[in-house]
Each structure stands twice: as structure tokens, then as C-alpha cells.
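To start, the structure under review is shown below, and the notes come after it.
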Amino acid sequence: MGLGAYIFSDPLLVNLPGFTQESFPSIKNILLLDSEGKRVAVKYYSDDWSTLNAKLAFEKSVFAKTQKTNARTEDSYICGDGIKGKSYKNNNFEITMFDDYVVVYKFIQDLHFFVTGGSEENELILSSVLQGFCDAVGLLLRNSVDKRTALENLDLILLCIDEIVDGGIILETDGMRHCRKSCIQRNGRWSIPL
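Position 75, counted from 1, in the sequence shown is what my numbering calls 114; the numbers after and before it change by one each time, with no gaps.
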């Protein structure tokens, strides 16, 4: 059970003055699309898009609006565990208002990362979720961030999304922690925990 589910199932915490689910920053969806706007991994936390057709239409529209922007990033780095590769830690993300939602996005190679929040959400919080997601995916894919590798490791990416957000409530924004929770390194090889 995620932290968000625990908090809202505990009657002592729910009855605190001023404590509501709306008092936490929340996410409407996390999208990972390919360079053609097709789904790679998506997770919706809101009933704003109640049908599959509504979700697909939103994805198509947000992709069409953002595909011509310059939200691409890539720098060399060595992370804390000594893994050398590409970093997506610079803050070259883009923010747009779309259909009364705040959409924060970044493109890495042929993958497009999106985090959507309500119009009242703080863009910096949404961008930290996006950055954590991008960092975790980069580490999980061993810095080979492309559609083919993402599809081969889709289970790890979906597990990572679940570690970031639970029911729309942000749990963690540190990409290295997501990676450590999503997989275990044994003898230099990444594996899924049993």
C-alpha cells in the first residue's frame, strides 16, 4: 500500500484540522510517448478523462501542441554510484497550459515525457516529478533512453511510475531512489526484485 492510500485510510490523520487530499500537490497523469505520439507507458490518476477515447484524444492533442518545441536535453555526467552516461538533470523542460491543465514536458531521444497537473498546481513541483521520472528511466535503461529499450523494460518503467505517484499523490521525486526501489543490482546486472 502506498503512502497516499495509507494516509487517507487512517482516520486519525484524515480528521486533522485543514487536512484534505486537495491540500497535497497532485498529478493528473504521467505520459511517456514515442516520437509519433503513440503510447509507451501512461498512467492516469484523474477521472477528467473517463474513456479510452478521451485519453487518446488528450495524448494526441498534447503531443501535437508540444512536438515542435525545443525541450530536448542531453549532457554527460557521472552519477553518485559511478555510472557514467547521459544526464537529463539540467532543467530544460517546458511548461504549457493546455485545456486548463499545466503540462510539464521534456524530450529525450525519441521519447516524450509529460507530467500533467491541474491549473492550480505549482509548476516547480510538477517539474521535479518530471525530472525524477526522467532520471529514473535513464538509470533503469542504463542511459540508453529510446523507444526500443523502453519497451523491452516496460515493466520497470511502470513500476517506477508507481513509485513516484500513488493515486495522484506525489510520493518521491528522487530518480536514484526510484531506480533503487524498482530494481536490484546483482553482479553488475540489473534485475527485478522478487
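We treat Cβ as the ideally placed atom computed from N, Cα and C, and that holds for glycine. In this text, all values refer to a predicted model and were calculated from it rather than measured experimentally.
Closer than 7 Å by C-beta to residue i: which residues in its own chain qualify, once you throw out the five before and the five after it? Chain order, please.
i: D87; result: K67
i: G119; result: With a pLDDT of only 41 at G119, under the threshold of 50, the placement of this residue in the model should not be trusted; the figure read from the coordinates follows. So the qualifying residues of the chain are M215.
i: V101; result: F137, V142 and F153
Using only CA atoms, which one of the options lies nearest to residue i?
i: A234; options: D138, D205, F152 and S166; result: One cannot answer for residue 234 here, as it falls past the ends of the chain, which runs 40 to 233.
i: L169; options: M136, Y140 and V204; result: V204
i: K99; options: L210, L91, K77 and Y83; result: K77
For residue i, count neighbouring Cβ atoms within 10 angstroms of its own Cβ and tell me buried if that reaches 16, exposed if not.
i: T105; result: buried
i: A80; result: buried
i: A267; result: In the structure as shown, the chain starts at 40 and stops at 233, and residue 267 therefore has no counterpart that could be examined.
i: K123; result: Unreliable positioning characterises K123 in this predicted model, as indicated by a pLDDT of 45, which lies under 50. The coordinate reading is nonetheless provided below. K123 is exposed by the Cβ-count criterion.
i: L178; result: buried
i: S65; result: buried
i: E191; result: exposed
i: T108; result: exposed
i: T90; result: exposed
Output yes or no for whether 8 Å exceeds the beta carbon distance between residue i and residue j.
i: I134; j: E162; result: yes
i: E200; j: F63; result: Before going on, a small fix: residue 200 reads as Ile here, not Glu. Not a contact, by the Cβ cut-off of 8 Å.
i: L193; j: E202; result: no
Going along the chain, which residues of its own chain have a beta-carbon closer than 8 Å to the beta-carbon of residue i, five neighbours each way excluded?
i: D149; result: D73, S74, D185 and K186
i: A189; result: L71, V79, A80, L150, V176, L180 and I196
Ignore the nearest five residues each way along the sequence and tell me which others in residue i's own chain have a CB closer than 6 Å to its CB.
i: S166; result: F132 and V143
i: S85; result: K67
i: I10; result: As shown, the chain starts at 40 and ends at 233. That puts residue 10 outside it, with no answer to give.
i: F97; result: W88
i: G121; result: Unreliable placement is indicated for G121, whose pLDDT of 44 sits below 50; the coordinate value is still reported in the next sentence. Counting only Cβ-Cβ distances below 6 Å, and skipping sequence neighbours, we find nothing.
i: T212; result: S167, V168 and G171
i: I164; result: P64
Name, in chain order, the residues that DSSP records as bridge partners for residue i.
i: M136; result: V141
i: Y205; result: The residue asked about is misnamed: residue 205 is Asp in this sequence, not Tyr. Paired residue(s): I208.
i: I66; result: Note: I66 sits in no beta bridge, so no partner.
i: G157; result: Y140
i: D73; result: L150
i: A80; result: L71
Checking contacts by CB at 8 Å: is residue i closer than that to chain B?
i: E159; result: Chain labels in this structure do not include chain B; a single protein chain is all it has.
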